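Numbering (full-length UniProt numbering), first residue to last: 1 to 320.
What follows is one structure encoded as structure tokens, with my remarks underneath.
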């Protein structure tokens with residue numbers, strides 16, 4: 001059975017691979033959407049239960065941990081609230097992958113044409129191409145990311161009546177730049193993330209390959225990838241929190257579920273302000289659920305991809 005599954009991964013045309021990948025991405029995003037909403041709600045919470053003075057007079061909810069936030073959202077807003085912002089998020093997932101792949105491919109081809117003595121090592125080429133691909137994809141899909149965050153930040157009171165209405169309202173009241181609030185934090189996180197991931201992965205892979213400890217994911221490459229991803233995400237997470245705080249700035253800032261979101265301007269000043277007022281915990285709110293969603297996302301993606309590809313291949317045989 002396992003041999004058949006392995007074989008499926010290498011079959012299918014380029015078009016079928018794209019379709020299967022798109023289906024897998026959409027389903028995976030739908031499954032992890034509740035974890036994403038929980039993460040965003042925690043990131044936007046500027047007060048803490050550990051500091052009684054910070055919650056004095058707060059009208060919005062006070063969340064405690066992943067499970068507590070889940071229960072509060074379901075109790076106060078219903079189960080559907082866990083999928084707020086899922087439509088722009090699904091569109092972002094589809095567009096991000098295609099833009100990233102295209103930009104990576106073009107950057108990689110350009111770097112490979114550089115002649116000696118100016119040619120970079122292969123490792124540097126991969127890192128630079130990956131950073132360029134990530135930066136291009138982040139910029140191109142950023143308006144969808146911002147809309148996802150704003151809808152997820154809505155409580156029982158609807159700030160925007162629909163996706164179309166939100167686009168019209170942001171364009172009218174905030175102008176084109178309103179769709180790119182916090183973009184600097186998003187792009188700034190790409191380069192260190194790629195560098196840390198690549199460095200950690202390459203350093204861990206030979207160590208784990210020679211280890212006598214059984215690998216939980218089957219291969220040392222998979223384990224090295226998981227560990228490298230956790231390390232890189234943790235390191236750049238404050239920039240993710242900064243991005244979320246900046247994305248909900250604007251005229252609707254006090255109408256979201258957290259009514260006390262401060263006015264932030266600029267990436268560096270936001271980072272410093274969160275550090276001074278909320279400490280290290282403020283910068284890392286929602287990190288556990290962010291790391292938690294990585295495993296089910298990967299598992300669902302591969303499970304759906306294999307079955308979507310199998311269905312297309314089976315349909316192809318029937319039509320022939």
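Using N, Cα and C, we set each Cβ at its ideal position, and we do this for glycine too.
Computed from a predicted structure; not experimentally measured.
Restricting to Cα atoms, I'd like to know which of the options is closest to residue i.
i, options, result
"residue 78", "248, 34, 209, 185", "34"
"residue 395", "252, 282, 315", "Because the chain in this structure spans residues 1 to 320, residue 395 falls outside the shown range and cannot be described."
"residue 176", "146, 62, 105", "146"
"residue 299", "16, 29, 15, 17", "29"
"residue 283", "118, 234, 123", "234"
"residue 258", "15, 243, 27, 59", "59"
"residue 57", "260, 287, 273", "260"
"residue 239", "141, 267, 162", "267"
"residue 295", "135, 41, 230, 140", "230"
"residue 135", "287, 207, 193", "193"
Kindly indicate the opening and closing residues of the alpha helix (DSSP H) around residue i.
i, result
"residue 287", "287–292"
"residue 181", "It is not in any alpha helix (DSSP H) - residue 181 carries neither H nor E in the DSSP assignment."
"residue 106", "86–112"
"residue 75", "65–77"
"residue 141", "Here residue 141 belongs to no alpha helix (DSSP H), and DSSP marks it neither H nor E."
"residue 171", "163–174"
"residue 270", "267–283"
Who are the near neighbours of residue i in its chain, counting only those whose CB is closer than 8 angstroms to its CB and skipping five residues on each side?
i, result
"residue 37", "73, 81, 82, 83, 84, 85, 152"
"residue 94", "22, 25, 26"
"residue 203", "none"
State buried or exposed for residue i, treating a residue as buried only when at least 16 other CB atoms are found within 10 Å of its CB.
i, result
"residue 21", "buried"
"residue 308", "buried"
"residue 315", "exposed"
"residue 45", "buried"
"residue 278", "buried"
"residue 4", "Only weak support exists for where residue 4 lies, its pLDDT of 41 falling under 50; the value from the coordinates is given anyway. Exposed: under 16 other Cβ atoms inside 10 Å."
"residue 170", "buried"
"residue 210", "exposed"
"residue 76", "exposed"
"residue 9", "Low local confidence applies: a pLDDT of 45 at residue 9 is under 50, so the model's placement there is unreliable, and no value is given."
"residue 15", "exposed"
"residue 118", "exposed"
"residue 41", "buried"
Expressed to the nearest angstrom, what Euclidean distance is found between the alpha-carbon atoms of residue i and residue j?
i, j, result
"residue 149", "residue 317", "43 angstroms"
"residue 92", "residue 98", "10 angstroms"
"residue 255", "residue 88", "20 angstroms"
"residue 43", "residue 31", "20 angstroms"
"residue 110", "residue 66", "44 angstroms"
"residue 187", "residue 155", "28 angstroms"
"residue 165", "residue 113", "47 angstroms"
"residue 13", "residue 313", "9 angstroms"
"residue 285", "residue 265", "20 angstroms"
"residue 292", "residue 116", "44 angstroms"
"residue 184", "residue 70", "30 angstroms"
"residue 269", "residue 280", "15 angstroms"
"residue 6", "residue 302", "The predicted position of residue 6 is uncertain, since its pLDDT is 39 and thus under 50; a value taken from the coordinates is nonetheless stated next. Rounded to whole angstroms, residue 6 to residue 302 spans 11 angstroms at the Cα level."
"residue 191", "residue 319", "46 angstroms"
"residue 39", "residue 106", "34 angstroms"
"residue 47", "residue 62", "8 angstroms"
"residue 121", "residue 197", "17 angstroms"
"residue 17", "residue 127", "25 angstroms"
"residue 199", "residue 289", "24 angstroms"
"residue 232", "residue 68", "27 angstroms"
"residue 132", "residue 123", "14 angstroms"
"residue 324", "residue 27", "As shown, the chain starts at 1 and ends at 320. That puts residue 324 outside it, with no answer to give."
"residue 243", "residue 158", "22 angstroms"
"residue 90", "residue 272", "32 angstroms"
"residue 189", "residue 236", "6 angstroms"
"residue 275", "residue 287", "16 angstroms"
"residue 262", "residue 168", "25 angstroms"
"residue 297", "residue 64", "24 angstroms"
"residue 172", "residue 162", "15 angstroms"
Please go through the same chain and pick out, in chain order, the residues whose beta-carbon is closer than 7 angstroms to the beta-carbon of residue i, but skip the five residues on each side of it.
i, result
"residue 201", "224, 225, 228"
"residue 305", "20, 21, 24"
"residue 137", "96, 99, 100, 103"
"residue 129", "104, 107, 108, 111"
"residue 195", "127"
Take residue i and list the residues in its own chain whose beta-carbon comes closer than 6 angstroms to its own, dropping the five residues that flank it on each side.
i, result
"residue 160", "166"
"residue 143", "179"
"residue 181", "246, 247, 249"
"residue 140", "99"
"residue 241", "43, 283"
"residue 125", "111"
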